[in-house]
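The block underneath contains the structure these notes are about, expressed in structure tokens.
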Amino acid sequence: MRRAVLLVGATLAAAAILMAGSTAYVYEPPTVPTVTATPPTPRRPPTTPAFTRSEREELTRALRRRLDDRADDLAISVRDLSTGLAYSYGGSLRTATASIVKVDLVMALLLQAQREERSLTSAEKALAERAITVSDNDAASALWRAIGGAHGLASANRKLGLRDTEPGAGGSWGSTTTSAADQIRLLSALTSADSPLGSAGRRYVRRLMGDVTPEQAWGVSAAGTGAELKNGWLPREKHGGAWTVNSIGIVEVGDHTFLLAALSERGATLRGGIEDVEHACKTVATALARASIET
928 MRRAVLLVGA TLAAAAILMA GSTAYVYEPP TVPTVTATPP TPRRPPTTPA
978 FTRSEREELT RALRRRLDDR ADDLAISVRD LSTGLAYSYG GSLRTATASI
1028 VKVDLVMALL LQAQREERSL TSAEKALAER AITVSDNDAA SALWRAIGGA
1078 HGLASANRKL GLRDTEPGAG GSWGSTTTSA ADQIRLLSAL TSADSPLGSA
1128 GRRYVRRLMG DVTPEQAWGV SAAGTGAELK NGWLPREKHG GAWTVNSIGI
1178 VEVGDHTFLL AALSERGATL RGGIEDVEHA CKTVATALAR ASIET
């Protein structure tokens, strides 16, 4: 009996001790700090250069002010390959190509050789070089015959995506008519990987345009550096001897690559036509380059 009483007492005492120190033995999970997730800063979408309506209108007014004092008609089309910005003025003008068509003739010859799965012969290369680098008219006439005349040029131009270019009648390749927009399409066929003309042919034509004799390297070259170009100039009897002056090409302006085509007719002098073409090219290229920087 005494033993039982002692056991009960010991049990009660132990329970009392446990109850008295229970806080020391209660398990509490560690406190986990509350983390508030910070949403990621949204990324700004890349900006697309814009040439606003007001900027276009001001550029058009600037060109018009210049030409209002001149007798000639002028059209210009420009595309910035680096940004996609583009601008055109006088888009309804259709004028004779004069010698800028020589680029078109060489490209038609290259398309013909490409279709026949062959390279140009040494004789064909000599004609192409003379036609573009020194604007040799006899070489252009030989190229005209080699591609099949007006029919051959029209066929090539359909492949190149031209829409407004009409080959001259008979052997008059210089009286082929075109638009500034079509000449940009022709230049695009020299710079785009989607061109029907293969890369080797594109490089070949651009190399020739980059090697034009210095005295003929005016025109679009006024807009930038590293010009690859071809010019055309012709006093036309139908305009009373007034001048048609054209320039097409590819130039660099800073880190921008521009395609430019400027066509003019009815100019009183060759020098005046050149000045108008150069002024237009420089004015438009500068405005497009500045628009991309400001954006």
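For the sequence shown, the positions run 928 to 1222 when this note's numbering is used. C-beta atoms are modelled at their ideal positions from N, C-alpha and C, and glycine is treated no differently. In this text the structure is predicted, and so the values were computed from the model without any measurement.
Asked, Found
"Return helix, strand or coil for V1180, following the three-state DSSP convention.", "strand"
"Going along the chain, which residues of its own chain have a beta-carbon closer than 6 Å to the beta-carbon of V1028, five neighbours each way excluded?", "W1100, T1103"
"Are the beta-carbon atoms belonging to V1139 and L1156 less than 8 Å from one another?", "yes"
"For the pair the stretch 1169-1181 and the stretch 1199-1212, tell me if three or more CB-CB distances fall below 8 Å.", "yes"
"For the ligand SAH, I want to know if P1123 counts as a neighbour, meaning its beta carbon is within less than 7 Å of at least one of the ligand's heavy atoms.", "The model on display carries no ligand, and the ligand SAH is accordingly not part of it."
"Shortest alpha-carbon distance to A998 belongs to which of R1129, T1196, R1217, Y1016?", "T1196"
"Note down the Cα distance separating G1159 from A1218, rounded to an integer number of angstroms.", "30 Å"
"Does any C-beta atom of chain B lie closer than 8 Å to the C-beta of A1154?", "Looking at the structure shown, chain B is missing, and only one protein chain is on hand."
"Among all the DSSP beta bridges, which residues are the ones paired with G1159?", "N1173"
"Between which two residues does the beta strand (DSSP E) harbouring D1007 extend?", "1000-1007"
"When the distance is taken between beta carbons, is Q1039 closer than 8 Å to I1074?", "yes"
"Enumerate in chain order the residues of its own chain whose CB-to-CB distance from V1030 is below 6 Å, with the five nearest sequence positions on each side excluded.", "K1157"
"Between which two residues does the beta strand (DSSP E) containing A1050 stretch?", "Looking at the DSSP string, A1050 is not in any beta strand (DSSP E); the run it does join, the alpha helix (DSSP H), is 1049-1060."
"With 16 as the cutoff for other CB atoms within 10 Å, does G1098 come out buried or exposed?", "exposed"
"On the DSSP bridge assignment, give the partners of G1194 in chain order.", "W1170"
"Tell me the DSSP bridge mates of A914?", "Nothing about residue 914 can be read from this structure; the chain reaches only from 928 to 1222."
"Nearest-angstrom Cα distance between V1147 and W1071?", "25 Å"
"Take every Cβ of the stretch 1049-1057, pair it with every Cβ of the stretch 1082-1091, and state whether three or more of those distances are shorter than 8 Å.", "no"
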